[in-house]
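Read the structure below first, then the notes.
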Amino acid sequence: SKCFIETQQLSCITCHNPHLTVKETPVAQFNAPCQSCHNNGNDCTETIAARNLKQDNCSGCHIPKSGSIDIPHVSISDHKIQIPGKDAMKEDGQFVRLIALTDSNASPVTMAKGYLKYFEAFTHQPIMLDSAWMWLQKVKIKDEPYYKASIHYHYLNGNFKQIIADASKLNAMKIPDAWTYYRIGESYFTMKDFPNAIVYFKKAVEVLPYNLDFNLKLGSAYFRVNNFSDAQKVFAFIINENPKYEKAWMNLGAVYLQNGKYQEAEFALINAIQLDPDYLQARLTLVDLYIKTRQKQKAKDELKYLLAFYPEDIYVKQMQQSVNSL
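According to our numbering, numbering within the sequence shown proceeds without interruption in unit steps and concludes at 644.
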């Protein structure tokens with residue numbers, strides 16, 4: 319990008335603190351390098367309304383996410399500073415294939431895993447998944463490594479029924495890793511088989527107890543089977559570990575709302591919105607709380623934001639009707 323070339327000094331630590339995760343790093347730290355050069359208020363060509371919505375989040379707009387990866391709720395950036403909406407630059411070359419530099423005779427499973435990882439981290443070109451599948455079909459002995467790679471492949475392809483079928487074959491083998499447990503759990507969750515999703519999310523959390531994204535999915539599964547007690551414990555644990563995890567605050571607020579603890583629910587939902595002002599689900603849930611407690615003015619105040627930025631959203635329209643009928 320022009321920014322990278324002209325500064326001649328951008329590096330990883332220009333934006334990232336190596337001792338903090340991305341979630342723990344304040345947005346201002348990511349925006350500071352941008353604003354050190356672009357310090358004129360007129361440099362940004364976006365509308366004032368859009369800038370206010372994102373609170374002038376330069377990096378969030380000009381270094382967009384490259385798409386969802388396998389980590390739940392987390393996307394990576396391709397780190398190309400750009401103006402959204404402009405045509406992508408012409409590619410310098412065409413991808414040919416991957417080679418294993420550490421093993422000239424890498425197994426088909428190893429090669430398949432390489433393509434799967436490349437697909438996750440760098441590109442979402444279907445050819446990567448096609449290549450992974452080609453290597454998986456070369457496997458003669460379908461053992462634990464094969465089924466783990468197969469589950470990974472089908473997870474990225476969204477073939478959740480096949481994952482569940484593969485999971486039954488893995489059960490008689492060596493204990494899989496936490497990510498395999500998570501992918502199986504996510505498959506059951508997507509198929510709305512929440513009891514089995516809980517089984518596998520719990521296994522994933524047992525292996526990696528401080529993976530908060532795994533915990534969030536476990537808590538969400540508890541919520542879907544109306545086990546609000548365990549859901550509350552999980553969401554509270556997440557917040558204790560990372561008070562800036564907005565989805566945990568949102569889900570905790572939903573639990574409190576279900577239990578009729580309206581003050582606690584309001585506190586949790588407001589925290590979620592403060593952490594992410596554009597969190598639509600949190601704002602909708604807060605309006606729902608105000609409707610349930612017949613706080614018409616608060617509901618109308620919160621609805622103003624939703625009508626300004628989401629006027630066509632079907633749920634916003636439904637909320638508006640409910641507020642008007644109070």
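Virtual Cβ for every residue (Gly too), placed ideally from N, Cα, C.
Report the residue from the options whose alpha carbon sits nearest the alpha carbon of residue i.
i	options	result
residue 566	400, 587 and 626	587
residue 415	442, 449, 337 and 441	449
residue 451	344, 326, 470 and 325	470
residue 517	508, 614, 500 and 526	500
residue 558	528, 521 and 433	528
residue 447	615, 434 and 620	434
residue 686	374, 475 and 340	No answer is possible for residue 686: it lies beyond the span of the chain, which begins at 319 and ends at 644.
Note down the Cα distance separating residue i from residue j, rounded to an integer number of angstroms.
i	j	result
residue 605	residue 542	21 Å
residue 533	residue 569	12 Å
residue 456	residue 601	50 Å
residue 417	residue 628	47 Å
residue 349	residue 377	6 Å
residue 553	residue 537	6 Å
residue 530	residue 513	20 Å
residue 441	residue 473	16 Å
residue 497	residue 626	40 Å
residue 420	residue 562	40 Å
residue 328	residue 436	25 Å
residue 322	residue 365	25 Å
residue 369	residue 583	29 Å
residue 332	residue 438	25 Å
residue 399	residue 594	23 Å
residue 580	residue 319	49 Å
residue 362	residue 336	29 Å
residue 494	residue 506	17 Å
residue 481	residue 487	10 Å
residue 355	residue 367	23 Å
residue 623	residue 424	55 Å
residue 634	residue 591	16 Å
residue 524	residue 545	19 Å
residue 372	residue 461	48 Å
residue 547	residue 360	51 Å
residue 621	residue 334	36 Å
residue 338	residue 347	12 Å
residue 603	residue 340	27 Å
residue 344	residue 555	22 Å
residue 326	residue 402	23 Å
For residue i, which residues in the same chain have their Cβ closer than 6 Å to its Cβ, ignoring the five residues on either side in sequence?
i	result
residue 429	453
residue 643	none
residue 479	none
residue 485	502
residue 589	567
residue 575	583 and 607
residue 508	478
Let me know if residue i comes out buried or exposed under the rule of 16 or more other beta-carbons within 10 Å of its beta-carbon.
i	result
residue 648	The structure shown does not extend to residue 648, since the chain is modelled only from 319 to 644, so the question has no answer here.
residue 612	exposed
residue 444	exposed
residue 564	buried
residue 380	buried
residue 316	Nothing can be reported for residue 316: it is not among the residues displayed for the chain, which extend from 319 to 644.
residue 352	buried
residue 632	exposed
residue 407	Any reading at residue 407 is ruled out, since the residue's pLDDT is 47, under 50, leaving its predicted position unreliable.
Once you ignore the five residues that flank residue i on each side, which residues in its own chain have a CB closer than 7 Å to its CB?
i	result
residue 477	none
residue 431	467
residue 522	496, 499, 500, 503 and 532
residue 598	628
residue 520	536
residue 397	381
For residue i, which residues in the same chain have their Cβ closer than 8 Å to its Cβ, ignoring the five residues on either side in sequence?
i	result
residue 427	453, 454, 457, 463, 464 and 467
residue 609	617, 637, 640, 641 and 644
residue 342	560 and 562
residue 475	447
residue 596	371, 372 and 627
Is residue i near the ligand HEM - that is, is its Cβ less than 7 Å away from at least one heavy atom of it?
i	result
residue 533	Of ligands this structure carries none, so the ligand HEM is not represented either.
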